[in-house]
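First comes the structure, then the notes that go with it.
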């Protein structure tokens with residue numbers, strides 16, 4: 196597939212997202228985080244977005260590669276390469292000491308160092324299934340904004356066509372973290388290095404990997420999956436817009452808890 200054919204389509208999709216991306220960049224949540232307790236509240240809600248991001252990733256790997264026996268080649272080899280590259284980076288990256296871990300596990304380490312409670316997300320993630328997820332989320336004690344965010348994610352992961360999953364994964368998640376938030380954590384880390392060193396590393400690693408290499412790989416994947424199909428490009432755009440709207444709602448919900 197020619198990059199000259201799909202590049203304008205990617206640019207059009209990104210342009211449609213710009214207003215919501217700016218709304219997220221300017222969200223008052225960031226300026227409301229002023230102390231360590233606020234960061235705890237933030238991570239105890241945001242961790243669900245870190246976790247369900249991995250489920251979107253695995254949904255793509257299941258759809259785009261062979262994960263059953265006996266092995267058979269599935270789909271396009273270039274697309275298989277793209278998703279497997281992202282899986283390797285997200286599922287087995289390195290922590291600040293060079294030890295292999297997923298980004299979710301790294302985030303849990305950051306929460307533990309911060310003194311945030313990791314037990315709720317671990318308990319929650321152990322009980323959700325494809326069969327029960329809507330009722331399970333609805334009946335949980337999570338904030339309504341977190342429930343809405345998770346429900347949308349798993350509706351996509353379990354039921355959407357693969358080009359829509361790829362778009363939500365690539366464009367609907369936080370591939371850019373506002374400088375304001377990074378600066379805040381870095382500033383607090385100078386005063387509380389024993390509590391924020393891992394979170395600071397996570398955010399910087401997130402920018403390096405997710406906002407750079409993985410973002411590029413994801414855009415290539417969306418381009419290959421949508422091709423020259425105008426209907427698929429529109430569906431991919433609509434789903435990414437909805438995902439960013441759910442992110443704004445999540446940020447609103449977290450801010451209300453501070």
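Numbering (the working numbering), first residue to last: 196 to 453.
Glycine included, each C-beta is placed from N, C-alpha and C at the ideal position.
All figures in this text were calculated on a predicted structure; none of them were measured in a lab.
Take residue i as the anchor and find which of the options has the nearest alpha-carbon.
| i | options | result |
| --- | --- | --- |
| residue 353 | 440, 324, 448 | 324 |
| residue 286 | 401, 437, 392 | 401 |
| residue 241 | 413, 414, 293, 311 | 311 |
| residue 256 | 270, 313, 389, 438 | 270 |
Provide the residue(s) that pair with residue i in DSSP beta bridges, ordered along the chain.
| i | result |
| --- | --- |
| residue 288 | 296 |
What three-state label does DSSP hand residue i in the structure shown?
| i | result |
| --- | --- |
| residue 228 | coil |
| residue 240 | helix |
| residue 453 | coil |
| residue 302 | helix |
| residue 354 | helix |
| residue 448 | helix |
| residue 434 | helix |
| residue 200 | Per-residue confidence for residue 200 stands at a pLDDT of 43, beneath the threshold of 50, marking its modelled position as unreliable; the derived number appears in the next sentence. Here residue 200 sits in helix by DSSP. |
| residue 311 | coil |
| residue 266 | coil |
| residue 378 | helix |
| residue 258 | helix |
| residue 423 | coil |
| residue 251 | helix |
| residue 400 | helix |
| residue 221 | coil |
| residue 325 | coil |
| residue 331 | helix |
Taking only beta-carbon positions, decide if residue i is within less than 8 Å of chain D.
| i | result |
| --- | --- |
| residue 227 | Among the chains of the structure shown, chain D does not appear; only one protein chain is present. |
At least 3 beta-carbon pairs within less than 8 Å: the stretch 217-229 vs the stretch 279-296: As far as the Cβ criterion goes, the stretch 217-229 does not touch the stretch 279-296, which means the pair count is below three.
The stretch 290-307 in contact with the stretch 262-269 per 3-pair CB rule at 8 Å: Because the criterion of three Cβ pairs below 8 Å is not met, the stretch 290-307 and the stretch 262-269 do not touch.
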